[in-house]
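Protein chains in written order, with the working numbering: chain Y, 29 to 265; chain W, 29 to 265.
There are 2 protein chains.
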Amino acid sequence: MSRLTIWGVEGIKEISPQDQLGEIIAEACRNEPNGPLVENDILVVTQKIVSKAEGRLVPIDAADPLSHKQLVEQEAVRIVRRRGDLIITETRHGFICANSGVDLSNIEKGYAALLPIDSDKSARRIRDIIRARNGVTVGVIISDTFGRPWRNGLTDVAIGIAGVAGVVDLRGTPDSLGRIMQVTEVAVADELASAAELVMGKSSGIPVAVVRGADKDWFRDSKISELVRPAQEDLFR
Amino acid sequence: MSRLTIWGVEGIKEISPQDQLGEIIAEACRNEPNGPLVENDILVVTQKIVSKAEGRLVPIDAADPLSHKQLVEQEAVRIVRRRGDLIITETRHGFICANSGVDLSNIEKGYAALLPIDSDKSARRIRDIIRARNGVTVGVIISDTFGRPWRNGLTDVAIGIAGVAGVVDLRGTPDSLGRIMQVTEVAVADELASAAELVMGKSSGIPVAVVRGADKDWFRDSKISELVRPAQEDLFR
Numbered sequence: 029m030s031r032l033t034i035w036g037v038e039g040i041k042e043i044s045p046q047d048q049l050g051e052i053i054a055e056a057c058r059n060e061p062n063g064p065l066v067e068n069d070i071l072v073v074t075q076k077i078v079s080k081a082e083g084r085l086v087p088i089d090a091a092d093p094l095s096h097k098q099l100v101e102q103e104a105v106r107i108v109r110r111r112g113d114l115i116i117t118e119t120r121h122g123f124i125c126a127n128s129g130v131d132l133s134n135i136e137k138g139y140a141a142l143l144p145i146d147s148d149k150s151a152r153r154i155r156d157i158i159r160a161r162n163g164v165t166v167g168v169i170i171s172d173t174f175g176r177p178w179r180n181g182l183t184d185v186a187i188g189i190a191g192v193a194g195v196v197d198l199r200g201t202p203d204s205l206g207r208i209m210q211v212t213e214v215a216v217a218d219e220l221a222s223a224a225e226l227v228m229g230k231s232s233g234i235p236v237a238v239v240r241g242a243d244k245d246w247f248r249d250s251k252i253s254e255l256v257r258p259a260q261e262d263l264f265r
Numbered sequence: 029m030s031r032l033t034i035w036g037v038e039g040i041k042e043i044s045p046q047d048q049l050g051e052i053i054a055e056a057c058r059n060e061p062n063g064p065l066v067e068n069d070i071l072v073v074t075q076k077i078v079s080k081a082e083g084r085l086v087p088i089d090a091a092d093p094l095s096h097k098q099l100v101e102q103e104a105v106r107i108v109r110r111r112g113d114l115i116i117t118e119t120r121h122g123f124i125c126a127n128s129g130v131d132l133s134n135i136e137k138g139y140a141a142l143l144p145i146d147s148d149k150s151a152r153r154i155r156d157i158i159r160a161r162n163g164v165t166v167g168v169i170i171s172d173t174f175g176r177p178w179r180n181g182l183t184d185v186a187i188g189i190a191g192v193a194g195v196v197d198l199r200g201t202p203d204s205l206g207r208i209m210q211v212t213e214v215a216v217a218d219e220l221a222s223a224a225e226l227v228m229g230k231s232s233g234i235p236v237a238v239v240r241g242a243d244k245d246w247f248r249d250s251k252i253s254e255l256v257r258p259a260q261e262d263l264f265r
């Protein structure tokens, strides 16, 4: 029987540039009241601490809206929509999101945080350090908080993955009546990021969560590009 | 410390029209190997069994694509996009999804399942029966599997809610550096639906999941319209 448990990792301090994020997470996980990590746990790590550790902070004049706007445009490969102050862009990674993912909240005043340059690499680095220090192989998801069309509210999605599937393809699997299903590609990495957000919240200072009990079939080599729909297949740009 | 546990409810048989779905779920939860429901558990129930129990099944000629297409158009208030066989529509509820939510998988051959007419009411009915039979007040989410623009793969979202927030508003809450946050409205009902999907899968025959450990602040009167962005605020229709 499938059963998931999800909790926030305690004891991770405010992250600064040059911090060895993987080492900090590895140590926090060793000292967790919930006990050590086990094989096939999934670590969900918020983009913000990854960006901070990787020094993706740029000075910004918070009093000048133009300063933020220029940064957003500089980080975009394409403007998808614009209305008033709201800018929806496509990033170099292929993500479509507000403000190119440029973030001002939970950042030291006078700075903005940019998305990691290669968020799969950020995830792999954490995974490698956990393997070396904690002796277990885990999946790692870097998560960020995105809006979406048509529905109110934000949800967390995956922006970088290592060792865990982005999309699980159930095409051809018989449904519960024994017939072949049409198409069911489940975006498990996004669902895992959303599930983890529920224990992290926005202001709780918990930037890493553990998901235990994930399906063994989801653990494999992976790239975030699995989750990015090619422009020519997309009906909404 | 926040900690969520999520599992699928065992022992729910194939549902047919006229089945008393609330009673069936209430009984399955009483006999669960994980023990009885407790106050503030959240039940996530897939749309398909709700539609079946409510008799939202219509005959369809599976060999004739036109038969499906007519049904999709009849269930739509507006066609949002169309390319080849793919039709994205707006439903009476305000949901924007493929095929007006008309579903052929896991349905008896020759039939299609339509969305519940009033999915909040479906959720409330289940919640009331659980309160009467199991003696606990739970939140109920009716979930369905939707695609989204820009990203590959489907995720589960909420299409009906009772007693649990759709969107939790963190606007004005200080961030972890003590400053006031800009805007963070989290779509917790969608994140809960996605989390539950991870233990239900598509072909596993587990149509109900329990989420235990949700934030007490999320339990309140609610309507799915919280999650539907008004057309005039939407940039993508």
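We put the CB at the ideal spot given by N, CA and C, even for glycine.
When DSSP labels each residue in this structure, what does residue i get in the three-state scheme?
| i | result |
| --- | --- |
| residue 172 of chain W | strand |
| residue 64 of chain Y | coil |
| residue 255 of chain Y | helix |
| residue 129 of chain Y | helix |
| residue 50 of chain W | helix |
| residue 235 of chain W | coil |
| residue 225 of chain W | helix |
| residue 18 of chain W | Residue coverage of chain W in this structure runs from 29 to 265, which leaves residue 18 of chain W outside it and unanswerable. |
| residue 24 of chain W | Here chain W covers residues 29 to 265 and nothing more, so residue 24 of chain W does not appear. |
| residue 220 of chain W | helix |
| residue 143 of chain Y | coil |
| residue 88 of chain W | coil |
| residue 72 of chain Y | strand |
| residue 190 of chain W | strand |
| residue 159 of chain W | helix |
| residue 31 of chain Y | strand |
| residue 135 of chain W | coil |
| residue 265 of chain Y | coil |
| residue 177 of chain W | coil |
| residue 82 of chain W | coil |
| residue 55 of chain Y | helix |
Could you tell me the distance, in whole angstroms, from the CA atom of residue i to the CA atom of residue j?
| i | j | result |
| --- | --- | --- |
| residue 39 of chain Y | residue 176 of chain W | 36 Å |
| residue 134 of chain Y | residue 212 of chain W | 12 Å |
| residue 93 of chain Y | residue 129 of chain W | 41 Å |
| residue 90 of chain W | residue 179 of chain Y | 32 Å |
| residue 42 of chain Y | residue 71 of chain Y | 18 Å |
| residue 132 of chain Y | residue 74 of chain Y | 14 Å |
| residue 239 of chain Y | residue 169 of chain Y | 10 Å |
| residue 85 of chain Y | residue 183 of chain W | 32 Å |
| residue 141 of chain W | residue 51 of chain Y | 51 Å |
| residue 44 of chain Y | residue 82 of chain Y | 9 Å |
| residue 244 of chain W | residue 68 of chain W | 7 Å |
| residue 271 of chain Y | residue 87 of chain Y | Residue 271 of chain Y cannot be examined here, being either before or after the span of chain Y that is shown, 29 to 265. |
| residue 112 of chain W | residue 97 of chain W | 11 Å |
| residue 147 of chain Y | residue 115 of chain W | 33 Å |
| residue 262 of chain W | residue 124 of chain W | 12 Å |
| residue 66 of chain Y | residue 57 of chain Y | 10 Å |
| residue 144 of chain Y | residue 174 of chain Y | 15 Å |
Just list the residues that DSSP pairs residue i with in beta bridges.
| i | result |
| --- | --- |
| residue 109 of chain Y | Y/116 |
| residue 246 of chain Y | Answer is none; residue 246 of chain Y lacks a bridge partner. |
| residue 182 of chain W | Y/214 |
| residue 167 of chain W | W/70 |
| residue 104 of chain Y | Y/119 |
| residue 240 of chain W | W/33 |
| residue 124 of chain Y | Y/118 |
Ignore the nearest five residues each way along the sequence and tell me which others in residue i's own chain have a CB closer than 8 Å to its CB.
| i | result |
| --- | --- |
| residue 31 of chain W | 241 |
| residue 246 of chain W | 167, 192, 193, 196, 216 |
| residue 198 of chain Y | 209, 212, 213, 214 |
| residue 156 of chain Y | 50 |
| residue 171 of chain Y | 72, 73, 74, 75, 184, 185, 186, 187, 221, 224, 225 |
| residue 110 of chain Y | 116 |
Excluding the five sequence neighbours on either side, which residues of its own chain have a C-beta within less than 6 Å of the C-beta of residue i, listed in chain order?
| i | result |
| --- | --- |
| residue 36 of chain Y | 227, 228, 234, 237 |
| residue 107 of chain Y | 117 |
| residue 161 of chain W | 54 |
| residue 47 of chain W | 81 |
Please list, in chain order, all residues of the same chain as residue i whose beta carbon is under 7 Å from its beta carbon, the five residues on each side excluded.
| i | result |
| --- | --- |
| residue 159 of chain Y | 165 |
| residue 259 of chain Y | 265 |
| residue 33 of chain W | 240, 241 |
| residue 99 of chain W | 86, 88, 130, 140 |
| residue 95 of chain Y | 88, 89 |
Would you call the stretch 182-202 of chain W and the stretch 246-255 of chain W touching, i.e. three or more CB-CB distances under 8 Å?
Because the criterion of three Cβ pairs below 8 Å is met, the stretch 182-202 of chain W and the stretch 246-255 of chain W touch.
Report yes or no: do three or more beta-carbon pairs, one from the stretch 214-221 of chain Y and one from the stretch 218-238 of chain W, lie closer than 8 Å?
Between the stretch 214-221 of chain Y and the stretch 218-238 of chain W there are three or more C-beta pairs closer than 8 Å, enough to call the two in contact.
Stretch-stretch touch, CB-based, cutoff 8 Å, three pairs: the stretch 46-64 of chain Y with the stretch 98-111 of chain Y:
Under the three-pair Cβ rule at 8 Å, the stretch 46-64 of chain Y does not count as touching the stretch 98-111 of chain Y.
Could you tell me whether the stretch 63-83 of chain W touches the stretch 147-156 of chain W, using the rule of 3 or more Cβ pairs below 8 Å?
Yes: at least three Cβ pairs fall under 8 Å.
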